[in-house]
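Numbering (UniProt numbering), first residue to last: 1 to 520.
So this is what it looks like as C-alpha coordinates:
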(Lines of atoms letter the chains of each structure in order from A and count residues from 1; the text may use other names and numbers.)
(Lines give C-alpha, C1' and ligand atoms only; values in the text may rest on other atoms or scores of the structure.)
Protein backbone atom coordinates (compact mmCIF):
# COMPACT_ATOMS: atom_id res chain seq x y z
CA UNK A 1 0.00 0.00 0.00
CA UNK A 2 1.51 3.34 -1.05
CA UNK A 3 1.57 6.41 1.14
CA UNK A 4 -1.47 7.97 -0.47
CA UNK A 5 -3.72 4.95 0.10
CA UNK A 6 -2.34 4.50 3.61
CA UNK A 7 -3.19 8.11 4.45
CA UNK A 8 -6.74 7.71 3.15
CA UNK A 9 -7.16 4.42 5.02
CA UNK A 10 -6.11 6.15 8.23
CA UNK A 11 -8.62 8.90 7.49
CA UNK A 12 -11.44 6.38 7.02
CA UNK A 13 -10.45 4.36 10.07
CA UNK A 14 -10.32 7.39 12.33
CA UNK A 15 -13.56 8.74 10.89
CA UNK A 16 -15.34 5.44 11.57
CA UNK A 17 -13.99 5.28 15.11
CA UNK A 18 -15.04 8.87 15.75
CA UNK A 19 -18.50 8.07 14.40
CA UNK A 20 -18.67 4.98 16.61
CA UNK A 21 -17.75 6.81 19.79
CA UNK A 22 -19.99 9.77 18.95
CA UNK A 23 -22.93 7.46 18.23
CA UNK A 24 -22.26 5.49 21.41
CA UNK A 25 -22.17 8.70 23.45
CA UNK A 26 -25.52 9.98 22.17
CA UNK A 27 -27.06 6.48 22.42
CA UNK A 28 -26.03 6.20 26.07
CA UNK A 29 -27.32 9.72 26.65
CA UNK A 30 -30.64 8.79 25.03
CA UNK A 31 -31.04 5.62 27.11
CA UNK A 32 -30.26 7.42 30.38
CA UNK A 33 -32.56 10.35 29.61
CA UNK A 34 -35.41 8.09 28.54
CA UNK A 35 -34.96 5.85 31.56
CA UNK A 36 -34.94 8.75 34.00
CA UNK A 37 -37.78 10.52 32.20
CA UNK A 38 -40.13 7.54 32.16
CA UNK A 39 -38.89 5.96 35.38
CA UNK A 40 -38.08 2.59 33.81
CA UNK A 41 -37.66 -0.47 36.00
CA UNK A 42 -34.48 -2.51 35.62
CA UNK A 43 -35.87 -4.99 33.07
CA UNK A 44 -36.98 -2.17 30.76
CA UNK A 45 -33.45 -0.76 30.74
CA UNK A 46 -32.18 -4.07 29.43
CA UNK A 47 -34.96 -4.18 26.84
CA UNK A 48 -34.11 -0.64 25.69
CA UNK A 49 -30.43 -1.51 25.38
CA UNK A 50 -31.38 -4.48 23.18
CA UNK A 51 -33.51 -2.23 20.95
CA UNK A 52 -30.62 0.24 20.67
CA UNK A 53 -28.18 -2.54 19.83
CA UNK A 54 -30.54 -3.70 17.07
CA UNK A 55 -31.30 -0.33 15.46
CA UNK A 56 -27.97 1.52 15.87
CA UNK A 57 -25.83 -0.77 13.64
CA UNK A 58 -28.37 -0.57 10.81
CA UNK A 59 -28.43 3.22 10.99
CA UNK A 60 -24.61 3.29 11.20
CA UNK A 61 -24.22 1.14 8.07
CA UNK A 62 -26.60 3.41 6.16
CA UNK A 63 -24.79 6.50 7.39
CA UNK A 64 -21.33 5.20 6.54
CA UNK A 65 -22.49 4.12 3.08
CA UNK A 66 -23.74 7.65 2.48
CA UNK A 67 -20.46 9.09 3.80
CA UNK A 68 -18.43 7.02 1.32
CA UNK A 69 -20.58 8.36 -1.51
CA UNK A 70 -19.88 11.89 -0.33
CA UNK A 71 -16.14 11.14 -0.43
CA UNK A 72 -16.11 10.01 -4.09
CA UNK A 73 -14.04 13.02 -5.33
CA UNK A 74 -11.44 12.34 -2.64
CA UNK A 75 -11.38 8.60 -3.39
CA UNK A 76 -10.50 9.30 -7.03
CA UNK A 77 -7.19 10.84 -5.94
CA UNK A 78 -6.28 8.75 -2.90
CA UNK A 79 -7.58 5.31 -3.91
CA UNK A 80 -7.77 5.39 -7.71
CA UNK A 81 -4.43 7.21 -7.96
CA UNK A 82 -5.51 10.09 -10.20
CA UNK A 83 -2.71 12.66 -10.55
CA UNK A 84 -4.59 15.29 -12.53
CA UNK A 85 -4.74 18.78 -11.07
CA UNK A 86 -8.48 19.01 -11.68
CA UNK A 87 -9.13 15.80 -9.71
CA UNK A 88 -6.94 17.10 -6.90
CA UNK A 89 -8.86 20.40 -6.85
CA UNK A 90 -12.17 18.52 -6.65
CA UNK A 91 -10.79 16.40 -3.80
CA UNK A 92 -9.58 19.51 -1.99
CA UNK A 93 -13.00 21.16 -2.37
CA UNK A 94 -14.64 17.96 -1.12
CA UNK A 95 -12.41 17.91 1.96
CA UNK A 96 -13.01 21.60 2.67
CA UNK A 97 -16.72 20.88 2.93
CA UNK A 98 -16.34 17.51 4.66
CA UNK A 99 -16.96 18.78 8.25
CA UNK A 100 -20.12 20.57 7.12
CA UNK A 101 -21.22 17.52 5.13
CA UNK A 102 -20.77 15.45 8.30
CA UNK A 103 -22.99 17.84 10.24
CA UNK A 104 -25.63 17.75 7.52
CA UNK A 105 -25.51 13.98 7.39
CA UNK A 106 -26.00 13.64 11.16
CA UNK A 107 -28.72 16.28 11.39
CA UNK A 108 -30.49 15.03 8.27
CA UNK A 109 -30.59 11.38 7.10
CA UNK A 110 -28.98 10.10 10.30
CA UNK A 111 -31.53 11.85 12.53
CA UNK A 112 -34.50 10.78 10.42
CA UNK A 113 -33.29 7.18 10.16
CA UNK A 114 -32.63 7.02 13.91
CA UNK A 115 -36.02 8.43 14.82
CA UNK A 116 -37.83 6.23 12.31
CA UNK A 117 -35.93 3.10 13.28
CA UNK A 118 -36.40 3.56 17.02
CA UNK A 119 -40.09 4.47 16.69
CA UNK A 120 -40.76 1.37 14.56
CA UNK A 121 -38.77 -0.87 16.91
CA UNK A 122 -40.52 0.55 19.99
CA UNK A 123 -43.92 0.22 18.33
CA UNK A 124 -43.21 -3.43 17.56
CA UNK A 125 -41.88 -4.06 21.08
CA UNK A 126 -44.87 -2.28 22.65
CA UNK A 127 -47.44 -4.25 20.64
CA UNK A 128 -45.87 -7.69 20.72
CA UNK A 129 -43.43 -7.89 23.62
CA UNK A 130 -44.96 -5.86 26.40
CA UNK A 131 -42.58 -2.89 26.25
CA UNK A 132 -44.22 -0.31 28.57
CA UNK A 133 -43.64 2.75 26.36
CA UNK A 134 -45.45 3.19 23.06
CA UNK A 135 -44.71 5.43 20.06
CA UNK A 136 -47.33 8.02 21.10
CA UNK A 137 -45.55 8.61 24.40
CA UNK A 138 -42.26 8.85 22.55
CA UNK A 139 -43.69 11.69 20.47
CA UNK A 140 -43.58 13.86 23.59
CA UNK A 141 -39.81 13.68 23.23
CA UNK A 142 -39.83 14.74 19.57
CA UNK A 143 -38.23 18.17 20.24
CA UNK A 144 -35.48 16.43 22.23
CA UNK A 145 -34.13 14.30 19.37
CA UNK A 146 -32.63 17.18 17.31
CA UNK A 147 -30.85 18.40 20.44
CA UNK A 148 -29.31 14.98 21.00
CA UNK A 149 -28.34 14.78 17.32
CA UNK A 150 -26.74 18.23 17.60
CA UNK A 151 -24.32 16.83 20.19
CA UNK A 152 -23.29 14.13 17.73
CA UNK A 153 -23.06 16.69 14.90
CA UNK A 154 -20.65 18.92 16.84
CA UNK A 155 -18.40 15.96 17.61
CA UNK A 156 -18.49 14.93 13.94
CA UNK A 157 -17.60 18.47 12.87
CA UNK A 158 -14.56 18.72 15.14
CA UNK A 159 -13.23 15.27 14.29
CA UNK A 160 -14.02 15.67 10.59
CA UNK A 161 -12.19 18.99 10.47
CA UNK A 162 -9.13 17.48 12.09
CA UNK A 163 -8.98 14.41 9.85
CA UNK A 164 -9.70 16.24 6.59
CA UNK A 165 -6.89 18.71 7.29
CA UNK A 166 -4.36 15.87 7.06
CA UNK A 167 -5.48 15.00 3.53
CA UNK A 168 -5.69 18.66 2.49
CA UNK A 169 -2.14 19.23 3.72
CA UNK A 170 -0.99 16.24 1.63
CA UNK A 171 -2.72 17.62 -1.47
CA UNK A 172 -1.04 21.00 -1.04
CA UNK A 173 2.34 19.35 -0.58
CA UNK A 174 1.83 17.00 -3.55
CA UNK A 175 0.23 19.40 -6.05
CA UNK A 176 1.26 22.82 -4.74
CA UNK A 177 -0.87 25.86 -3.99
CA UNK A 178 -2.66 25.49 -7.34
CA UNK A 179 -4.81 22.80 -5.75
CA UNK A 180 -6.36 25.27 -3.30
CA UNK A 181 -9.90 26.10 -4.36
CA UNK A 182 -11.36 29.38 -3.05
CA UNK A 183 -14.30 28.62 -0.81
CA UNK A 184 -16.95 30.82 0.75
CA UNK A 185 -17.06 28.45 3.71
CA UNK A 186 -15.86 30.50 6.65
CA UNK A 187 -16.70 29.96 10.29
CA UNK A 188 -15.40 32.76 12.56
CA UNK A 189 -13.37 31.54 15.48
CA UNK A 190 -15.72 33.09 18.03
CA UNK A 191 -18.57 31.01 16.59
CA UNK A 192 -16.47 27.88 17.04
CA UNK A 193 -15.83 28.70 20.68
CA UNK A 194 -19.48 29.43 21.32
CA UNK A 195 -20.62 26.44 19.29
CA UNK A 196 -18.32 23.99 21.02
CA UNK A 197 -17.91 25.12 24.60
CA UNK A 198 -21.29 26.78 25.11
CA UNK A 199 -23.36 24.42 22.96
CA UNK A 200 -21.79 21.24 24.33
CA UNK A 201 -22.07 22.57 27.85
CA UNK A 202 -25.65 23.83 27.59
CA UNK A 203 -27.27 21.33 25.23
CA UNK A 204 -27.65 18.62 27.90
CA UNK A 205 -29.29 21.15 30.24
CA UNK A 206 -31.47 22.38 27.39
CA UNK A 207 -32.54 18.77 26.82
CA UNK A 208 -33.58 18.54 30.47
CA UNK A 209 -35.51 21.81 30.16
CA UNK A 210 -37.40 20.50 27.13
CA UNK A 211 -38.26 17.27 28.92
CA UNK A 212 -39.48 19.08 32.03
CA UNK A 213 -41.54 21.47 29.92
CA UNK A 214 -43.43 18.61 28.28
CA UNK A 215 -43.80 16.58 31.46
CA UNK A 216 -43.77 18.79 34.53
CA UNK A 217 -44.85 15.95 36.82
CA UNK A 218 -41.63 14.07 36.27
CA UNK A 219 -40.60 12.37 39.49
CA UNK A 220 -37.01 12.04 38.32
CA UNK A 221 -36.27 15.74 37.76
CA UNK A 222 -33.30 15.70 40.15
CA UNK A 223 -31.71 12.78 38.34
CA UNK A 224 -32.22 14.46 34.96
CA UNK A 225 -30.63 17.69 36.18
CA UNK A 226 -27.64 15.86 37.67
CA UNK A 227 -27.17 13.90 34.46
CA UNK A 228 -27.48 17.08 32.40
CA UNK A 229 -24.82 18.83 34.48
CA UNK A 230 -22.48 15.84 34.42
CA UNK A 231 -22.80 15.14 30.68
CA UNK A 232 -22.51 18.84 29.88
CA UNK A 233 -19.28 19.11 31.86
CA UNK A 234 -17.79 16.02 30.21
CA UNK A 235 -18.76 17.17 26.72
CA UNK A 236 -17.47 20.68 27.34
CA UNK A 237 -14.07 19.34 28.45
CA UNK A 238 -13.88 16.94 25.49
CA UNK A 239 -14.93 19.68 23.07
CA UNK A 240 -12.37 22.05 24.57
CA UNK A 241 -9.61 19.50 24.02
CA UNK A 242 -10.61 18.96 20.38
CA UNK A 243 -10.95 22.70 19.79
CA UNK A 244 -7.59 23.46 21.39
CA UNK A 245 -5.93 20.93 19.09
CA UNK A 246 -7.55 22.53 16.06
CA UNK A 247 -6.24 25.91 17.17
CA UNK A 248 -2.79 24.61 18.13
CA UNK A 249 -2.02 22.96 14.77
CA UNK A 250 -1.93 26.07 12.55
CA UNK A 251 -0.30 28.15 15.28
CA UNK A 252 2.38 25.47 15.78
CA UNK A 253 2.92 25.26 12.02
CA UNK A 254 3.49 29.02 11.85
CA UNK A 255 5.90 28.91 14.81
CA UNK A 256 7.88 26.10 13.17
CA UNK A 257 7.96 28.09 9.93
CA UNK A 258 9.29 31.15 11.78
CA UNK A 259 11.99 28.99 13.38
CA UNK A 260 12.97 27.63 9.95
CA UNK A 261 13.29 31.18 8.59
CA UNK A 262 15.45 32.19 11.55
CA UNK A 263 17.74 29.23 10.82
CA UNK A 264 18.09 30.36 7.21
CA UNK A 265 16.17 27.47 5.72
CA UNK A 266 14.06 28.02 2.67
CA UNK A 267 11.75 28.12 0.96
CA UNK A 268 9.35 27.85 3.91
CA UNK A 269 5.60 27.33 3.62
CA UNK A 270 3.13 26.13 6.20
CA UNK A 271 0.28 23.80 5.25
CA UNK A 272 -2.03 24.78 8.10
CA UNK A 273 -5.64 24.42 6.94
CA UNK A 274 -8.43 26.19 8.76
CA UNK A 275 -11.80 27.82 8.13
CA UNK A 276 -11.45 30.89 10.34
CA UNK A 277 -9.01 33.67 11.24
CA UNK A 278 -6.29 31.04 11.67
CA UNK A 279 -6.45 30.50 7.90
CA UNK A 280 -5.66 34.20 7.46
CA UNK A 281 -2.70 33.77 9.83
CA UNK A 282 -1.28 30.88 7.78
CA UNK A 283 -1.95 32.66 4.48
CA UNK A 284 -0.31 35.85 5.72
CA UNK A 285 2.71 33.91 6.93
CA UNK A 286 3.07 32.13 3.57
CA UNK A 287 2.90 35.46 1.72
CA UNK A 288 5.52 36.92 4.04
CA UNK A 289 7.72 33.82 3.70
CA UNK A 290 7.50 34.01 -0.11
CA UNK A 291 8.51 37.67 -0.05
CA UNK A 292 11.43 36.95 2.29
CA UNK A 293 12.54 34.01 0.15
CA UNK A 294 12.43 36.13 -3.01
CA UNK A 295 14.49 38.81 -1.27
CA UNK A 296 16.93 36.18 0.01
CA UNK A 297 17.37 34.69 -3.45
CA UNK A 298 17.90 38.16 -4.90
CA UNK A 299 20.57 38.92 -2.30
CA UNK A 300 22.26 35.55 -2.89
CA UNK A 301 22.36 36.15 -6.64
CA UNK A 302 23.70 39.66 -6.12
CA UNK A 303 26.32 38.31 -3.71
CA UNK A 304 27.32 35.51 -6.08
CA UNK A 305 27.53 37.83 -9.10
CA UNK A 306 29.66 40.30 -7.13
CA UNK A 307 32.06 37.57 -6.03
CA UNK A 308 32.26 36.12 -9.54
CA UNK A 309 33.00 39.55 -10.98
CA UNK A 310 35.73 40.09 -8.40
CA UNK A 311 37.23 36.65 -9.10
CA UNK A 312 37.20 37.33 -12.84
CA UNK A 313 38.94 40.66 -12.26
CA UNK A 314 41.65 38.93 -10.20
CA UNK A 315 42.20 36.20 -12.80
CA UNK A 316 42.28 38.78 -15.62
CA UNK A 317 45.50 40.23 -14.21
CA UNK A 318 47.27 37.10 -15.42
CA UNK A 319 46.22 35.70 -18.83
CA UNK A 320 47.55 32.28 -17.86
CA UNK A 321 45.19 31.95 -14.88
CA UNK A 322 42.02 33.13 -16.62
CA UNK A 323 39.08 31.22 -15.13
CA UNK A 324 41.29 29.64 -12.45
CA UNK A 325 39.21 30.83 -9.47
CA UNK A 326 35.96 29.70 -11.09
CA UNK A 327 37.35 26.24 -11.73
CA UNK A 328 38.89 25.90 -8.25
CA UNK A 329 35.51 26.77 -6.73
CA UNK A 330 33.75 24.27 -8.98
CA UNK A 331 36.28 21.50 -8.25
CA UNK A 332 36.03 22.15 -4.51
CA UNK A 333 32.23 22.03 -4.63
CA UNK A 334 32.30 18.68 -6.44
CA UNK A 335 34.80 17.24 -3.95
CA UNK A 336 32.69 18.42 -1.01
CA UNK A 337 29.59 16.76 -2.45
CA UNK A 338 31.56 13.56 -3.00
CA UNK A 339 32.60 13.63 0.65
CA UNK A 340 28.98 13.88 1.76
CA UNK A 341 28.63 17.60 2.46
CA UNK A 342 25.16 19.07 2.20
CA UNK A 343 24.41 21.37 -0.72
CA UNK A 344 24.50 24.58 1.31
CA UNK A 345 27.98 23.91 2.72
CA UNK A 346 29.27 22.74 -0.67
CA UNK A 347 28.02 25.95 -2.31
CA UNK A 348 29.66 28.01 0.44
CA UNK A 349 32.94 26.27 -0.39
CA UNK A 350 32.41 27.15 -4.06
CA UNK A 351 32.23 30.83 -3.10
CA UNK A 352 35.39 30.42 -1.02
CA UNK A 353 37.07 28.98 -4.10
CA UNK A 354 36.13 32.07 -6.09
CA UNK A 355 37.75 34.24 -3.41
CA UNK A 356 40.77 32.10 -2.51
CA UNK A 357 43.23 34.22 -4.55
CA UNK A 358 41.74 37.62 -3.73
CA UNK A 359 45.03 38.53 -2.04
CA UNK A 360 46.77 38.65 -5.43
CA UNK A 361 45.31 42.13 -5.74
CA UNK A 362 48.23 43.19 -3.53
CA UNK A 363 50.86 41.53 -5.75
CA UNK A 364 52.42 43.28 -8.72
CA UNK A 365 51.33 42.11 -12.18
CA UNK A 366 54.96 41.96 -13.20
CA UNK A 367 55.58 39.31 -10.56
CA UNK A 368 52.36 37.42 -11.36
CA UNK A 369 53.20 37.26 -15.08
CA UNK A 370 56.95 36.65 -14.71
CA UNK A 371 58.13 33.62 -16.69
CA UNK A 372 61.63 33.40 -15.20
CA UNK A 373 62.54 32.01 -11.81
CA UNK A 374 61.32 34.16 -8.95
CA UNK A 375 63.79 35.77 -6.58
CA UNK A 376 63.44 35.07 -2.84
CA UNK A 377 61.88 38.50 -2.35
CA UNK A 378 59.43 37.93 -5.20
CA UNK A 379 58.49 34.50 -3.88
CA UNK A 380 57.92 36.03 -0.46
CA UNK A 381 55.53 38.54 -2.05
CA UNK A 382 53.68 35.75 -3.87
CA UNK A 383 53.39 33.72 -0.67
CA UNK A 384 51.94 36.72 1.15
CA UNK A 385 48.76 36.70 -0.94
CA UNK A 386 46.80 34.42 1.49
CA UNK A 387 47.42 36.90 4.32
CA UNK A 388 46.55 39.86 2.09
CA UNK A 389 43.35 38.12 1.02
CA UNK A 390 42.53 37.30 4.64
CA UNK A 391 42.95 40.94 5.68
CA UNK A 392 40.76 42.10 2.79
CA UNK A 393 37.99 39.56 3.40
CA UNK A 394 37.81 40.01 7.16
CA UNK A 395 36.69 43.60 6.67
CA UNK A 396 33.29 42.19 5.62
CA UNK A 397 31.12 40.19 8.03
CA UNK A 398 29.45 38.53 5.03
CA UNK A 399 32.78 36.87 4.15
CA UNK A 400 33.60 35.56 7.64
CA UNK A 401 32.73 31.96 6.72
CA UNK A 402 35.30 32.06 3.88
CA UNK A 403 38.27 33.29 5.94
CA UNK A 404 39.75 29.84 6.83
CA UNK A 405 39.85 28.76 3.19
CA UNK A 406 41.30 32.05 1.98
CA UNK A 407 44.09 32.06 4.59
CA UNK A 408 45.07 28.39 4.66
CA UNK A 409 44.61 26.98 1.13
CA UNK A 410 48.41 26.75 0.71
CA UNK A 411 49.02 24.82 3.94
CA UNK A 412 50.23 21.21 3.71
CA UNK A 413 49.64 18.23 5.96
CA UNK A 414 53.37 17.91 6.75
CA UNK A 415 53.59 21.53 7.91
CA UNK A 416 55.57 22.63 4.88
CA UNK A 417 52.97 25.08 3.58
CA UNK A 418 52.35 28.77 4.19
CA UNK A 419 51.54 31.27 5.67
CA UNK A 420 51.21 29.70 9.15
CA UNK A 421 52.90 26.32 8.70
CA UNK A 422 49.87 24.38 9.98
CA UNK A 423 49.87 20.59 9.71
CA UNK A 424 47.42 17.68 9.80
CA UNK A 425 43.98 18.22 11.31
CA UNK A 426 44.94 21.75 12.38
CA UNK A 427 44.32 22.80 8.78
CA UNK A 428 40.60 23.56 8.31
CA UNK A 429 38.84 20.99 6.12
CA UNK A 430 37.73 23.76 3.74
CA UNK A 431 41.36 24.73 3.14
CA UNK A 432 42.43 21.10 2.66
CA UNK A 433 39.82 20.61 -0.08
CA UNK A 434 40.69 23.93 -1.72
CA UNK A 435 44.37 22.96 -1.73
CA UNK A 436 43.61 19.82 -3.74
CA UNK A 437 41.39 21.75 -6.17
CA UNK A 438 43.99 24.52 -6.52
CA UNK A 439 46.91 22.19 -7.26
CA UNK A 440 44.79 20.07 -9.63
CA UNK A 441 43.76 23.07 -11.73
CA UNK A 442 47.27 24.51 -11.70
CA UNK A 443 48.83 21.25 -12.92
CA UNK A 444 46.17 20.52 -15.56
CA UNK A 445 46.33 24.08 -16.98
CA UNK A 446 48.99 25.53 -19.28
CA UNK A 447 51.53 27.89 -17.70
CA UNK A 448 54.24 29.99 -19.43
CA UNK A 449 56.95 28.05 -17.59
CA UNK A 450 55.54 24.54 -18.30
CA UNK A 451 52.87 22.78 -20.35
CA UNK A 452 49.74 21.30 -18.83
CA UNK A 453 49.97 17.79 -17.44
CA UNK A 454 47.62 14.99 -18.28
CA UNK A 455 45.16 14.20 -15.45
CA UNK A 456 46.64 10.70 -15.22
CA UNK A 457 50.06 12.29 -14.57
CA UNK A 458 48.80 14.61 -11.85
CA UNK A 459 48.12 12.09 -9.08
CA UNK A 460 51.74 11.30 -8.15
CA UNK A 461 52.25 15.05 -7.86
CA UNK A 462 49.17 15.41 -5.65
CA UNK A 463 50.38 12.69 -3.30
CA UNK A 464 53.85 14.25 -3.12
CA UNK A 465 52.34 17.61 -2.18
CA UNK A 466 51.19 16.28 1.24
CA UNK A 467 47.54 16.99 0.46
CA UNK A 468 44.49 15.54 2.19
CA UNK A 469 44.22 11.91 0.98
CA UNK A 470 40.42 11.79 1.23
CA UNK A 471 40.04 14.91 -0.91
CA UNK A 472 42.57 13.53 -3.43
CA UNK A 473 40.70 10.22 -3.58
CA UNK A 474 37.35 12.02 -4.04
CA UNK A 475 38.78 14.11 -6.87
CA UNK A 476 40.20 10.98 -8.52
CA UNK A 477 36.86 9.20 -8.40
CA UNK A 478 35.15 12.25 -9.87
CA UNK A 479 37.64 12.22 -12.74
CA UNK A 480 37.11 8.49 -13.30
CA UNK A 481 33.35 9.11 -13.44
CA UNK A 482 33.79 11.88 -16.03
CA UNK A 483 32.44 14.58 -13.70
CA UNK A 484 35.49 16.81 -14.32
CA UNK A 485 35.53 16.66 -18.13
CA UNK A 486 33.66 19.94 -18.66
CA UNK A 487 35.98 21.85 -16.33
CA UNK A 488 39.09 20.30 -17.89
CA UNK A 489 37.84 21.28 -21.34
CA UNK A 490 37.21 24.82 -20.10
CA UNK A 491 40.79 25.03 -18.80
CA UNK A 492 42.07 23.77 -22.16
CA UNK A 493 40.17 26.47 -24.07
CA UNK A 494 41.03 29.28 -21.63
CA UNK A 495 44.80 28.62 -21.63
CA UNK A 496 45.18 27.41 -25.22
CA UNK A 497 46.56 23.99 -24.33
CA UNK A 498 46.25 20.85 -26.51
CA UNK A 499 43.73 18.12 -25.81
CA UNK A 500 45.11 15.99 -22.98
CA UNK A 501 42.00 13.95 -22.21
CA UNK A 502 42.49 10.42 -20.92
CA UNK A 503 40.56 7.41 -22.33
CA UNK A 504 37.94 5.95 -20.02
CA UNK A 505 39.74 2.59 -19.88
CA UNK A 506 42.89 4.28 -18.57
CA UNK A 507 40.89 6.08 -15.90
CA UNK A 508 39.25 2.88 -14.70
CA UNK A 509 42.61 1.11 -14.35
CA UNK A 510 43.73 3.36 -11.47
CA UNK A 511 43.69 1.60 -8.10
CA UNK A 512 43.31 3.64 -4.93
CA UNK A 513 45.41 2.67 -1.88
CA UNK A 514 42.86 3.88 0.68
CA UNK A 515 39.05 3.82 1.00
CA UNK A 516 36.99 6.95 0.60
CA UNK A 517 35.17 8.00 3.79
CA UNK A 518 32.39 10.56 4.09
CA UNK A 519 33.32 13.59 6.17
CA UNK A 520 31.99 17.06 6.90
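Heads up, the beta-carbon is just placed ideally off N, CA and C, and yes, glycines get one too.
Counting along the chain, the unbroken alpha helix (DSSP H) around residue 100 starts and ends at 98-105. Excluding five sequence positions before and after residue 299, none of the CB atoms of its chain fall closer than 7 Å to its own CB. Separation of residue 193 and residue 340 (C-alpha to C-alpha, rounded to the nearest whole angstrom) is 51 Å. 290 is the residue among 149, 245 and 290 whose C-alpha sits nearest the C-alpha of residue 257. Residue pairing by DSSP places residue 450 opposite 447 in a beta bridge. In summary, residue 430 is buried, with 16 or more beta-carbon neighbours lying within 10 Å of its beta-carbon over all protein chains present. Scanning its chain for C-beta atoms nearer than 6 Å, with the 5 sequence neighbours on each side dropped, one finds around residue 487 the residues 327 and 330, in chain order. Of 310, 374 and 375, the smallest CA-CA separation from residue 357 is found for 310. A distance below 8 Å between beta-carbons, with the five flanking residues on each side excluded, links residue 76 to the following residues of its chain, in chain order: 82, 87, 90 and 91.
DSSP, reduced to helix, strand and coil, places residue 312 within a helical segment of the structure shown.
In this structure residue 411 is not in contact with residue 405, their Cβ atoms being roughly 11 Å apart against a cut-off of 8 Å. Across the structure, residue 447 and residue 172 are spaced so that their CA atoms are roughly 56 Å apart. Straight through space, the alpha carbons of residue 466 and residue 377 are spaced by roughly 25 Å.
When secondary structure is reduced to three states using DSSP, residue 133 falls in the coil class, being assigned neither helix nor strand. Taking one beta carbon from each stretch, the segment 390-398 and the segment 351-369 have 3 or more pairs nearer than 8 Å; the two touch.
Non-local C-beta neighbours of residue 23 in its own chain, meaning closer than 7 Å and more than five positions away in sequence, comprise 56, 60 and 152, ordered along the chain. In the three-state reduction of the DSSP assignment, residue 93 falls in the helix class, which pools H, G and I. For residue 347, the uninterrupted alpha helix (DSSP H) run begins and ends at 343-355, by DSSP. Every alpha helix (DSSP H) of 4 residues or more that sits fully in the segment 17-84 is shown, in chain order, as 42-70 and 72-78. Using a Cβ distance threshold of 9 Å, residue 471 and residue 435 count as a contacting pair. For the pair residue 21 and residue 191, the Cα-to-Cα distance works out to about 24 Å. Around the C-beta of residue 78, 16 or more other C-beta atoms lie within 10 Å, and the residue is accordingly described as buried. Contact between residue 281 and residue 261 is absent: CB atoms are separated by about 15 Å, not below the 8 Å threshold. Rounded to whole angstroms, the separation of the alpha carbons of residue 180 and residue 267 is 19 Å. Counting other Cβ atoms within 10 Å of its Cβ, residue 263 stays below 16 and is therefore classed as exposed.
Using a Cβ distance threshold of 9 Å, residue 148 and residue 72 do not count as a contacting pair. With a cutoff of 9 Å on beta-carbon distance, residue 437 and residue 314 are scored as not near each other. For residue 338, the enclosing alpha helix (DSSP H) begins and ends at 324-338. Contact between residue 11 and residue 167 holds: CB atoms are separated by about 6 Å, below the 8 Å threshold. Residue 483 and residue 477 have their C-alpha atoms roughly 9 Å apart. The beta carbon of residue 333 sits closer than 8 Å to those of 346, 347, 349, 350 and 353, all from its chain and outside the five residues before and after it, given in chain order. In the structure shown, the three-state DSSP call for residue 460 is helix. Measuring C-alpha to C-alpha distances from residue 355 to each of 382, 375, 338 and 308 identifies 308 as the nearest. Each residue's CA atom was taken as its position, placing residue 469 and residue 485 some 22 Å apart. Closest in C-alpha terms to residue 165, from the list 122, 250 and 133, comes 250. Shown here, residue 395 sits in coil according to DSSP, grouped into three states, outside any helix or strand.
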